[in-house]
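Participant: Protein chains in written order, with the numbering used here: chain A, 5 to 183; chain B, 546 to 723.
Heads up, the beta-carbon is just placed ideally off N, CA and C, and yes, glycines get one too.
Nothing here was measured: the structure is a model prediction, and the numbers come from that model.
First the structure, which I've put down as structure tokens, then a few questions once you've had a look.
Next comes the structure, spelled out in structure tokens:
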């Protein structure tokens, strides 16, 4: 006769391992993205550092619950545009790496981050997102955007993060007013 | 299986796939007896059925993160259970085949020993035939007759040696060098 406690322990272990395995699938997207960013920007250490943070956060959130998994998905989608834009800017204007904080490089990243943040904000505001969800999705989006903007330097990172945050807050306010 | 229980199982699965660990005990209490009963119908041996049911339960738990909430949870669980039962049956079948092969090999070993016995009997017959052609004195010297040789010591050794040489000669004559 199978012992209930043993069955419960084994089942829970299998459940957590299964959740972790499912969560770890995020690596299929993130590891190539980090590699591309590292090769494209030449800022290997920064990309690796951001990549580890992003991968760790993504796996943890996806493992925790479905809400976390949704936050990761939304955050990655929102961060995709600033990521690509950051890579393009870094490729076209290598001078951005040494640009001051208040420069057109920052403005470009901020400009690209705004619509992404707005999309994320409107999406979260329409649902029943908690503050933890906002924080998780926003964090993932900023980290993803930072990957692309790593080659632009601190100006790029700040610009993208500010753009995303500003866009998200604006969209949230707009949705609240509209409803 | 009543619809209410089916619904409870489905909801527990949905909650677990959402990451709500508190639904685990509900799933264990409701699904385990169903899975066990299903396995018992599919697997004849009682202990094997429990093992298969346990394996199925662990597999369900491991895959529940990928569970599609649009599907019926119990049907999904039965799908996994059916596959596991089939795998178990295939494994049994393979084991039986291996066992059969081993028993056939054993039988072959038996027939080989029969063959060896036959060979030994033939050799004995051939030896008796060869011994039969020896003189009585040679047979006594070799100790193949009931009576013992009167000679002793070096004489008996010499006679024995000569008798053996003759026996070898006869053996070669009949069966060749081998």
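Is residue 110 of chain A helix, strand or coil by DSSP?
Facilitator: Translated into the one-based positions of the first chain, residue 110 of chain A becomes position 106. Correct three-state label for residue 110 of chain A: helix.
Participant: Measure the beta-carbon distance from residue 41 of chain A to residue 152 of chain A and round it to whole angstroms, keeping in mind my assumption that it falls under 8 Å.
Facilitator: If you number the first chain from 1, residue 41 of chain A lands on position 37. If you number the first chain from 1, residue 152 of chain A lands on position 148. Confirmed, about 6 Å.
Participant: I need the straight-line Cα distance from residue 102 of chain A to residue 73 of chain A, nearest angstrom please.
Facilitator: In the first chain, counting from the first residue as 1, residue 102 of chain A sits at position 98. In the first chain, counting from the first residue as 1, residue 73 of chain A sits at position 69. If you take the alpha carbons of residue 102 of chain A and residue 73 of chain A, they lie about 36 Å apart.
Participant: Can you list, in chain order, the residues of the stretch 582-603 of chain B whose Cβ is nearer than 8 Å to any Cβ on chain A?
Facilitator: Listed by position, the residues of the stretch 582-603 of chain B near chain A (Cβ gap below 8 Å) are 595, 598, 599, 602, 603.
Participant: For residue 704 of chain B versus residue 682 of chain B, is the C-beta spacing smaller than 9 Å?
Facilitator: Position 159 of the second chain, counting from 1, holds the residue named residue 704 of chain B. Position 137 of the second chain, counting from 1, holds the residue named residue 682 of chain B. Result yes, Cβ atoms of residue 704 of chain B and residue 682 of chain B sit closer than 9 Å.
Participant: First and last residue of the alpha helix (DSSP H) that includes residue 578 of chain B?
Facilitator: Residue 578 of chain B sits at position 33 when you count from the first residue of the second chain. Looking at the DSSP string, the run of the alpha helix (DSSP H) that includes residue 578 of chain B is 569-587.
Participant: Which value, in whole angstroms, describes the spacing of the CA atoms of residue 161 of chain A and residue 8 of chain A?
Facilitator: Reading the first chain from its first residue, position 157 is the one you call residue 161 of chain A. Reading the first chain from its first residue, position 4 is the one you call residue 8 of chain A. Near 52 Å, if we compare the C-alpha coordinates of residue 8 of chain A and residue 161 of chain A.
Participant: Assuming residue 130 of chain A and residue 179 of chain A make a contact with CB atoms under 8 Å, what is their CB distance in whole Å?
Facilitator: The residue you call residue 130 of chain A lines up with position 126 of the first chain. The residue you call residue 179 of chain A lines up with position 175 of the first chain. Rounded, the Cβ-Cβ distance is 6 Å, consistent with contact.
Participant: Under the three-state reduction of DSSP, which class applies to residue 104 of chain A: helix, strand or coil?
Facilitator: By 1-based counting over the first chain, the position of residue 104 of chain A is 100. Note: residue 104 of chain A maps to coil in three-state DSSP.
Participant: For residue 600 of chain B, which of helix, strand or coil comes out of DSSP?
Facilitator: Along the second chain, one-based indexing puts residue 600 of chain B at 55. Residue 600 of chain B falls in the helix class under three-state DSSP.
Participant: Can you give me the C-alpha to C-alpha distance between residue 78 of chain A and residue 56 of chain A, rounded to a whole angstrom?
Facilitator: To locate residue 78 of chain A, count along the first chain from 1; it is residue 74. To locate residue 56 of chain A, count along the first chain from 1; it is residue 52. C-alpha separation (whole angstroms): 19 Å.
Participant: Looking at chain B, is there any beta carbon in it that lies within less than 9 Å of the beta carbon of residue 3 of chain A?
Facilitator: Limits of chain A in this structure are 5 at one end and 183 at the other, which puts residue 3 of chain A out of reach.
Participant: Please name the residue in A/28, A/38, A/51 whose C-alpha comes closest to that of residue 157 of chain A.
Facilitator: To locate residue 157 of chain A, count along the first chain from 1; it is residue 153. Residue 157 of chain A has its Cα closest to that of A/51, out of A/28, A/38, A/51.
Participant: Does residue 561 of chain B have its Cβ less than 9 Å from a Cβ in chain A?
Facilitator: Translated into the one-based positions of the second chain, residue 561 of chain B becomes position 16. At least one chain A Cβ lies under 9 Å of residue 561 of chain B.
Participant: Quick one: what does DSSP say residue 124 of chain A is sitting in, helix, strand or coil?
Facilitator: As a first step, residue 124 of chain A is located in the first chain; it is residue number 120 there, counting from the start. Reduced to three states, the DSSP call for residue 124 of chain A is helix.
Participant: Measuring CB atoms only, is the stretch 28-41 of chain A touching the stretch 578-595 of chain B, in the sense that at least three cross pairs come out at less than 8 Å?
Facilitator: The stretch 28-41 of chain A, when compared against the stretch 578-595 of chain B, does not touch it at the 8 Å Cβ threshold.
Participant: Using the Cα positions of residue 21 of chain A and residue 83 of chain A, report the straight-line distance between them to the nearest angstrom.
Facilitator: Mapped onto the first chain, residue 21 of chain A falls at position 17. Mapped onto the first chain, residue 83 of chain A falls at position 79. Rounded to the nearest angstrom, the two C-alpha atoms are 28 Å apart.
Participant: Using 9 Å as the limit for Cβ to Cβ distance, is residue 14 of chain A near chain B?
Facilitator: Numbered from its first residue, the first chain carries residue 14 of chain A at position 10. Judged by the 9 Å Cβ criterion, residue 14 of chain A is in contact with chain B.
Participant: Closest to residue 141 of chain A by CA distance: which of A/173, A/113, A/163 is it?
Facilitator: In the first chain, residue 141 of chain A corresponds to position 137, counting from 1. Cα-wise, what sits closest to residue 141 of chain A is A/173.
Participant: Could you work out which residues of chain B lie near residue 26 of chain A, taking near to mean beta carbons separated by less than 7 Å?
Facilitator: Here residue 26 of chain A refers to the residue found at position 22 of the first chain. Result: 610, 611.
Participant: Return the first residue and the last residue of the alpha helix (DSSP H) that residue 36 of chain A is part of.
Facilitator: The residue labelled residue 36 of chain A in the question sits at position 32 within the first chain. Start and end: 31-45.
Participant: Distance, Cα to Cα, residue 134 of chain A vs residue 581 of chain B?
Facilitator: The residue given as residue 134 of chain A occupies position 130 in the first chain. The residue given as residue 581 of chain B occupies position 36 in the second chain. Their Cα atoms are separated by approximately 40 Å.
Participant: Can you confirm whether the stretch 600-614 of chain B touches the stretch 12-21 of chain A when touching is taken to mean that 3 or more C-beta pairs between the two stretches lie within less than 8 Å?
Facilitator: Cβ pair count under 8 Å is three or more, so yes.
Participant: Within its chain, find whatever has a CB closer than 6 Å to the CB of residue 716 of chain B; leave out the 5 residues flanking it on each side and keep chain order.
Facilitator: Reading the second chain from its first residue, position 171 is the one you call residue 716 of chain B. These residues qualify, in order along the chain: 675.
Participant: For chain A, check one thing: does any of its Cβ atoms lie closer than 9 Å to the Cβ of residue 622 of chain B?
Facilitator: Taking the first residue of the second chain as position 1, residue 622 of chain B is located at position 77. No, residue 622 of chain B lies away from the interface with chain A (no Cβ there is under 9 Å from its Cβ).
Participant: Counting only Cβ pairs nearer than 8 Å, list the residues of chain A close to residue 664 of chain B.
Facilitator: Counting from one through the second chain, the residue named residue 664 of chain B turns up at place 119. Simply none; closest approach about 55 Å.
Participant: Give the secondary structure of residue 669 of chain B by DSSP, where H, G and I count as helix, E and B as strand, and everything else as coil.
Facilitator: As a working mapping, residue 669 of chain B is identified with position 124 in the second chain. In the structure shown, residue 669 of chain B sits in a helix (DSSP, three-state: H, G or I).
Participant: Measuring from the CB of residue 20 of chain A, is there a heavy atom of the ligand PLP at a distance below 8 Å?
Facilitator: You won't find the ligand PLP in this model; it holds no ligand whatsoever.
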